[in-house]
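Note that numbering that gives the first Met the number 0 gives residue 165 to position 166 of the sequence shown, counting from 1, and the numbers run on in steps of one.
Heads up, the beta-carbon is just placed ideally off N, CA and C, and yes, glycines get one too.
Just so it is clear, the structure is predicted and the values come from calculations on it, not from any experiment.
All remarks here apply to the structure that follows.
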Amino acid sequence: MDFTGNLKKIIAGQNLDEESSASMLMDIFSGEISEARIGAFMAALATKGETFEEIAGAAKAMRRKAKRIQTLSKKVIDIVGTGGDASGSFNISTTTAFVVAGTGVTVAKHGNRSVSSQCGSADVLEELGLDLNTDPEIVEEAINDIGIGFMFAPLYHGSMKYAGKARQECGIRSIFNMLGPLTNPAAAGCQLLGVYAPELTEMFAKALKLLGVSKAF
0 MDFTGNLKKI
10 IAGQNLDEES
20 SASMLMDIFS
30 GEISEARIGA
40 FMAALATKGE
50 TFEEIAGAAK
60 AMRRKAKRIQ
70 TLSKKVIDIV
80 GTGGDASGSF
90 NISTTTAFVV
100 AGTGVTVAKH
110 GNRSVSSQCG
120 SADVLEELGL
130 DLNTDPEIVE
140 EAINDIGIGF
150 MFAPLYHGSM
160 KYAGKARQEC
170 GIRSIFNMLG
180 PLTNPAAAGC
190 QLLGVYAPEL
200 TEMFAKALKL
210 LGVSKAF
């Protein structure tokens, strides 16, 4: 089914399967969908309520479009959160990443600037002197050589630009806000993941399972 057909299903309150969700996002990330239809998709899906299959499908599409990092370690972890809980909290995931890497576990941290906390992972690391625009090849080398590296999301997910204007104009929380923690460019097999609302815990756990993550907390 094409984008319009799937959009009509969502508007009618019907859930999409994983493949249909991935198809819609691939169309968006390929620049084939107008801002008006992207806005309609975001609003309709948010009104219906996202399912874990829809989230996993969207994440798979975003992963396919991402610039990838190749890791040598068989066990790689990402420590990340969705943000957006409006609590003004301290960004603990970055601190935790350093502690975990210090134990010898390979950390491929994926993150962005703050949404609602005092500072996001990117904000913390930038203040510590990290160049957020470091070439992915250098980040890959850091992960493989010293066991930790930071992947600044905008550098790895260029296809998100096609949804940027619609997201800005709509100004609503949408499925796009949920995809960051599920789209690690290094395909980390383990994740320590925080979500902005309790009702998302089971949904994200099921989505992670569909995405092939072996261990998640």
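Alpha carbon of residue i to alpha carbon of residue j, nearest angstrom
{"i": "Leu192", "j": "Gly4", "result": "33 Å"}
{"i": "Lys8", "j": "Asn183", "result": "29 Å"}
{"i": "Gly148", "j": "Ala11", "result": "44 Å"}
{"i": "Leu209", "j": "Phe28", "result": "21 Å"}
{"i": "Val79", "j": "Thr95", "result": "10 Å"}
{"i": "Ala141", "j": "Asn176", "result": "28 Å"}
{"i": "Glu201", "j": "Val194", "result": "10 Å"}
{"i": "Ile91", "j": "Lys205", "result": "24 Å"}
{"i": "Ala121", "j": "Val98", "result": "17 Å"}
{"i": "Ala43", "j": "Gln13", "result": "10 Å"}
{"i": "Ala215", "j": "Leu207", "result": "8 Å"}
{"i": "Thr46", "j": "Gly30", "result": "24 Å"}
{"i": "Asn143", "j": "Leu131", "result": "18 Å"}
{"i": "Thr133", "j": "Arg166", "result": "26 Å"}
Beta-carbon contacts of residue i that lie in its chain and below 8 Å, excluding the five residues immediately before and after
{"i": "Glu223", "result": "What is shown of the chain runs 0 to 216, which leaves residue 223 out entirely."}
{"i": "Leu212", "result": "Strictly speaking, residue 212 in this sequence is Val, with Leu absent from that position. Closer than 8 Å at the Cβ level, and outside the excluded window around Val212, lie Ala187, Gly188, Cys189, Gln190."}
{"i": "Met150", "result": "Ile68, Ala107, Lys108, His109, Gly110, Pro135, Val138, Asn183, Pro184, Ala185"}
{"i": "Leu129", "result": "Phe149"}
{"i": "Pro197", "result": "none"}
Proximity winner among the options, relative to residue i (alpha-carbon distances)
{"i": "Thr105", "options": "Val138, Ala196, Asn111, Gly119", "result": "Val138"}
{"i": "Lys66", "options": "Ser113, Thr93, His109", "result": "His109"}
{"i": "Glu168", "options": "Leu127, Ala35, Thr81, Met25", "result": "Ala35"}
Pair within 8 Å by beta-carbon distance, residue i and residue j
{"i": "Gln190", "j": "Ile37", "result": "no"}
{"i": "Pro180", "j": "Tyr155", "result": "no"}
{"i": "Ala107", "j": "Ala187", "result": "yes"}
{"i": "Gly103", "j": "Gly146", "result": "yes"}
{"i": "Met41", "j": "Ser173", "result": "yes"}
{"i": "Gly51", "j": "Ile32", "result": "The amino acid at residue 51 is misidentified as Gly; the sequence shows Phe. In this structure, Ile32 does not lie closer than 8 Å to Phe51 by Cβ."}
{"i": "Leu15", "j": "Glu53", "result": "yes"}
{"i": "Thr81", "j": "Leu124", "result": "no"}
Own chain, CB closer than 6 Å to residue i, minus 5 neighbours either side, in chain order
{"i": "Ser72", "result": "Thr105"}
{"i": "Ala21", "result": "Gly56, Lys59, Ala60"}
{"i": "Lys164", "result": "Glu34"}
Same chain, Cβ closer than 7 Å to residue i, neighbours up to 5 away in sequence not counted
{"i": "Met0", "result": "Ser19"}
{"i": "Arg112", "result": "Gly119, Ala121, Asp122"}
{"i": "Ala100", "result": "Val106, Gly146, Ile147"}
Legend entry - Secondary structure, alpha helix (DSSP H): runs of 4+ residues fully inside the stretch 165-203: 175-178
Inset, instruction - Please list the segments of the beta strand (DSSP E) lying wholly inside the stretch 87-134, counting only runs of 3 or more residues, in order along the chain. - result: 105-110
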